[in-house]
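Written out below as structure tokens is the structure these notes cover.
There are 2 protein chains.
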Amino acid sequence: MLAKTFLQRNVLVSRCLSSVTSSTLKVGDVLREARVYSSEDVKSYAEVSHDWNPLHFDQELARKAGFENRLVHGMLVSSMFPRIISSHFPGAVYVSQTLHFRSPVYVGDEILGLVQATALRETKNKYIVKFSTKCIKNHSELVVLDGEATAVLPSLELLQPSSSER
Amino acid sequence: MLAKTFLQRNVLVSRCLSSVTSSTLKVGDVLREARVYSSEDVKSYAEVSHDWNPLHFDQELARKAGFENRLVHGMLVSSMFPRIISSHFPGAVYVSQTLHFRSPVYVGDEILGLVQATALRETKNKYIVKFSTKCIKNHSELVVLDGEATAVLPSLELLQPSSSER
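Chains A and B, in that order, are what the protein sequence lines are. Going letter by letter, the first sequence gives residues 1 to 166 in my numbering. Going letter by letter, the second sequence gives residues 1001 to 1166 in my numbering.
Now the structure itself:
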């Protein structure tokens, strides 16, 4: 089962995405990071965002609403995208983001965030980069969240040219 | 000065926005909430999102990058929109959000979040509602963040038909 999961994930990644092959960002490069969202994460996020929607805390209510379990806040999952970008490009400034919440993320799910550079333009010694942004659930091909982001990067040099996910 | 600020804010609100006049949401209704983002909020958000972009923590670096002060994470400011919607409609499920980060939000800024219902459709005893979403800074007319959201509401009854902001 573990082997199957490993295979699925790597097939997915190799089929859909080119790797980052140098320390300078190019169109087509993909940055990625995985994370499991815990009950504590959901509570901490509610404390700072003030979003106490009961779907995130009341399992019974979440089930009555048609979900399998308590939901992770969609905007907490979305925070993966600026996190991934700024961890590679400190000083990155976010310009825009579109978000389509396509499938629920439950407490305990492992989410793989994928950020792919799709367009790149230099202006005044900075770089305006468009990214496609996607989150995939539990080593499957299920896209739970996708959209596009634009950020201004101070440089195209990757601070962390490799990670445990790459 | 306080009177001027109060006047500015209320002129803005009365000129641009119709009020919520009943306990049932209608197209045109506006929900709003204000908040000041502190250093502690920025730190707490970084801890849960893992987004440690130095623009949020290093004042000198933020100034060198052309900003007046340390920035509040854009996605933390964006969290006002689902917070406002779910505080009035517990059990609301977020479907989509677009975000345009138009102007920086600094630590200490007071941000007024405005969420206006623009379209409404009933389906299977639930309600799909589109909202225009906007954040305005420091009692001015400066829009720092705008976009659109879609959410599925379990009911159109407002849990809190009035607030300190309305």
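Glycine included, each C-beta is placed from N, C-alpha and C at the ideal position. On a predicted model such as this, the values are computed, not experimentally measured, just so you know.
In this chain, A/Lys26 is not harboured by any alpha helix (DSSP H), its DSSP state being neither H nor E. Unbroken beta strand (DSSP E) stretches of 3 residues or longer found wholly inside the region 51 to 124 of chain A: 93 to 101, 110 to 123, given in chain order.
The criterion of a C-beta distance shorter than 8 Å is not satisfied by B/Ile1111 and B/Ala1062. Closer than 8 Å to the CB of A/Ala65 there is at least one CB belonging to chain B. If you check each beta-carbon in the region 1095 to 1111 of chain B against every beta-carbon of chain A, the ones closer than 8 Å belong to Val1095, Ser1096, Gln1097, Thr1098, Leu1099, His1100, Phe1101. Counted as a single uninterrupted DSSP element, the alpha helix (DSSP H) harbouring A/Glu47 occupies residues 39 to 49. For B/Gly1066 and A/Ala117, the gap between their C-alpha atoms comes out near 25 Å.
Take B/Leu1145, set aside five residues on each side of it, and the residues of its chain with a beta-carbon closer than 6 Å to its own are Val1077, Phe1101, Cys1135, in chain order. According to the DSSP assignment, B/Leu1031 belongs to the beta strand (DSSP E) that extends over 1030 to 1036. For the region 110 to 128 of chain A, no residue has a beta-carbon sitting nearer than 9 Å to a beta-carbon of chain B.
In this structure, B/Ala1149 places its C-beta atom within 8 Å of the C-beta atom of B/Thr1133. Under DSSP, the beta-bridge partners assigned to B/Glu1157 are B/Thr1024. For B/Asp1041, the chain A residues whose C-beta falls within less than 8 Å of its own C-beta are Val48, listed in chain order.
The beta carbon of A/Pro90 sits closer than 7 Å to those of Leu159, all from its chain and outside the five residues before and after it, given in chain order. B/Met1075 sits away from A/Ser39, with the two beta carbons spaced by 8 Å or more.
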